Amino acid sequence: MAIVGAGMGGLAAAIRLTAMGFEVEVFEKNGQTGGRMGRLEAGGFTFDTGPSLLLMTDTYRELFRSAGRDLDDYVKLIPLDGQYRVTFGDVDTLTIRRALPELIKEIERIEPGVTPNFYRFLEDACYKYRLGRSEFVERDFDKAKDFFGLRNLRLLLKTKAVNNYYRQVSKFFTSDKLRQAFSLQTMYLGLSPFEAPAVYSLLPYTELAEDGLWFPEGGMYALVGAMEKLAMELGVTFHMNSPVEKVVVTKGRARGVMVDGEEIEADAVLANADLPYAYRELLGERADSDFKLRKRGKLQYTASAYMLYLGIEGKLDNMLHHNFYLSERYRENFEAIFRDGRLPDDPSFYAVVPSKTEPRMAPEGMDSLFVLVPVPHLGPNVDWERDGEAFREKVYGLLERRCGVSRDRVVYEKVRTPLDWRDDYNLEEGAAFGIGHGIFQVGYFRPPMVSQAVEGMYFVGASTRPGTGVPLVTIGARLVAERIGREVGA
Ligand SMILES: Cc1cc2nc3c(=O)[nH]c(=O)nc-3n(C[C@H](O)[C@H](O)[C@H](O)COP(=O)(O)OP(=O)(O)OC[C@H]3O[C@@H](n4cnc5c(N)ncnc54)[C@H](O)[C@@H]3O)c2cc1C
């Protein structure tokens with residue numbers, strides 16, 4: 039079995055398939071496993087370069103159990119209590135806590151009398167989480183009737199899962215601030231709350247009431263390290279710095295991969311590389327009927343992310359581990375990115391100080407700071423070569439004005455734009471989170487994990503089912519491994 043890519047999807051699938059008895063070889067373009075969940079070490083600072091919010095930890099525990107191991111023996115997960123602080127455009131703040139009595143005091147200050155509605159919001163989100171997860175996320179939808187069955191359609195209507203997220207949240211909260219605080223979570227997936235389906239209220243629910251928000255000791259990359267270690271113990275072979283040039287197909291069946299001009303045979307191929315890229319570049323015209331099913335040009339993409347990884351002199355006392363700074367023009371910010379495909383004038387942004395929880399991520403007396411500004415994926419309205427410098431200035435201005443971080447405290451800097459997301463990981467359109475999750479790109483409508491065009495060709499990762507985000511990709515790895523087990527046989 040050949041796997042193209044050692045992102046979280048590739049790693050999780052490699053673990054499962056090896057545990058099922060397959061001989062697995064992983065070919066990774068870069069010199070590091072984890073893909074977007076990467077690590078940067080420079081100037082004495084340590085940064086997780088992608089995911090920073092660890093949710094739904096049961097998915098990782100189950101992955102380790104499937105190989106007869108215990109996650110706790112590989113990495114320690116720390117629960118975060120003061121989950122994050124939201125700073126609104128007018129500088130008012132709200133700290134999101136799992137301790138509900140504390141949180142309720144805060145939300146009552148913003149919207150007096152809101153408590154019963156807040157509980158109704160949680161109840162509704164819980165319903166979406168439970169049903170959404172078991173009926174839609176954790177299922178393969180092998181056949182159209184699995185998705186379009188009467189029972190499913192009834193559930194979709196009943197849960198109002200496909201209603202508009204922001205409109206749904208607005209039914210529970212009247213103040214703009216609480217509407218924003220409980221809709222910003224769609225940004226985790228590169229989506230706009232004004233366009234995303236309401237099912238994503240499961241995100242604030244998982245943070246507040248289900249499993250909560252966690253951080254691995256050693257940083258997010260410690261989870262990647264744990265998975266890599268387990269994969270190696272099980273016997274997975276990794277070929278690093280080995281970009282796959284194409285999937286070898288004979289008589290309509292995937293027979294292996296081509297690396298550095300050499301054909302490497304395999305019984306089946308699993309592409310963890312971004313699906314639209316894999317269709318176009320690795321399968322080419324062979325993916326014609328996959329294309330027909332999901333014309334690449336018609337796919338909708340998530341937003342991208344402009345990143346600053348900064349080493350800061352002194353401690354960032356006025357910030358928590360996770361911090362959201364919302365634009366005074368919250369809606370316009372999303373419209374600029376998603377509707378107009380241009381850089382927002384007054385961006386919302388997200389800032390993480392992991393050294394608050396893991397001091398080893400910065401030298402003594404300093405902090406590491408990760409700044410993520412949602413921006414459009416690559417398109418005609420932004421030229422990063424031309425516009426990049428002015429945008430960088432804007433972000434530094436925001437850091438000074440909104441976080442009190444002056445530029446003279448920056449002792450290390452690395453910038454990443456959508457061009458880098460595209461070039462470093464082969465992400466189509468530089469869309470940092472993969473293809474979008476509009477109604478026609480979720481469930482049965484999302485590109486399937488099994489190629490329609492090439493036998494023995496499978497997909498795992500953010501742009502196939504069930505969707506983006508590390509827990510979903512990990513669930514996808516289980517679903518595809520089960521499918522390969524049934525179809526290819528161990
Ligand atoms: C800035 C940012 C923040 C995020 N924050 C969160 C978060 O807080 N929580 C969360 O759950 N999710 C978050 N996400 C989303 C999450 O990172 C992704 O959904 C997930 O990591 C995707 O994993 P993947 O395996 O599908 O893809 P990838 O990580 O892209 O892995 C694919 C791998 O394939 C390799 N590859 C590509 N082409 C080839 C080729 N030709 N040959 C060989 N190898 C190839 C790539 O180098 C890469 O290593 C974030 C994403 C970003 C970008």
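Remember, my numbering sits 38 above the position in the sequence shown when you count from 1.
Glycine included, every Cβ here is placed at the ideal spot set by N, Cα and C.
Keep in mind that this is a model prediction, so the values were computed, not measured.
For M46 and S444, the gap between their C-alpha atoms comes out near 35 angstroms. About 7 angstroms separates the CB atoms of Q121 and H360; that is less than 8 angstroms, so the two are in contact. Restricting attention to S221, V282, S239, the CA atom closest to the CA of S386 is found in S221. Y157: member of the alpha helix (DSSP H) spanning 153-169, first to last residue. Remark: the C-beta of L101 is outside contact range of ligand 1, defined as less than 6 angstroms to any heavy atom. R293 carries a strand assignment under DSSP once its states are collapsed to helix, strand and coil. By the CB criterion at 7 angstroms, D328 and A491 fall inside the cutoff.
Residue L91 holds the alpha-carbon nearest to the alpha-carbon of L118 among E370, T125, L138, L91. Excluding the 5 residues flanking it on each side, L517 has same chain C-beta neighbours closer than 6 angstroms at D178, in chain order. In this structure, the C-beta of S386 stays at least 6 angstroms away from each heavy atom of ligand 1. The three-state secondary structure of S406, taken from DSSP, is strand. Assignment of beta-bridge partners to N361 by DSSP yields R123, A389.
Under the rule that a run must span 4 or more residues, the alpha helix (DSSP H) segments found entirely inside the segment 425-476 read 456-463.
By the C-beta criterion, the segment 373-392 is judged not to be in contact with the segment 52-63, since fewer than 3 inter-stretch pairs fall below 8 angstroms.
Annotated three-state conformation of T288 is strand, per DSSP. In this structure, the beta-carbon distance from A469 to T340 falls below 7 angstroms. Here the alpha carbon of N279 sits roughly 26 angstroms from the alpha carbon of P509.
Close CB contacts of R99 within its chain, under the 6 angstroms cut and outside five residues either way in sequence, are with L109 (chain order). When the beta-carbon positions are compared, L216 and E283 stay at least 7 angstroms from each other. The criterion of a C-beta distance shorter than 7 angstroms is satisfied by T97 and I513. In this structure, L407 keeps its C-beta atom at 7 angstroms or more from the C-beta atom of V433.
Note that the C-beta distance between L337 and I473 is below 7 angstroms. Between A306 and the set G352, Y167, V286, the nearest pair of CA atoms involves V286. Going by DSSP, D86 is part of the beta strand (DSSP E) stretching over 83-86. Within the model, the alpha-carbon separation for N68 versus Y157 is close to 46 angstroms.
Here D461 is exposed: its Cβ has fewer than 16 other Cβ atoms, across all protein chains shown, within 10 Å.
For M495, DSSP records a beta bridge to V307. Annotation for G47: the continuous alpha helix (DSSP H) segment containing it runs 46-57. Of all C-beta pairs linking the segment 127-144 to the segment 350-369, three or more are shorter than 8 angstroms, placing the two stretches in contact. With respect to the 7 angstroms criterion, E351 and V453 are not classified as neighbours on the basis of their beta carbons. By DSSP's assignment, T131 forms a beta bridge with T125. In this structure, ligand 1 has no non-hydrogen atom nearer than 6 angstroms to the beta-carbon of R380. Per DSSP, reduced to three states, the secondary structure at N190 is helical.
The beta-bridge partner set that DSSP reports for L115 consists of P254. Within the chosen limit of 6 angstroms, ligand 1 reaches the beta carbon of L91 through at least one heavy atom.
Its Cα nearest to that of L160, the residue E245 stands out among Y259, E79, E245, V295.
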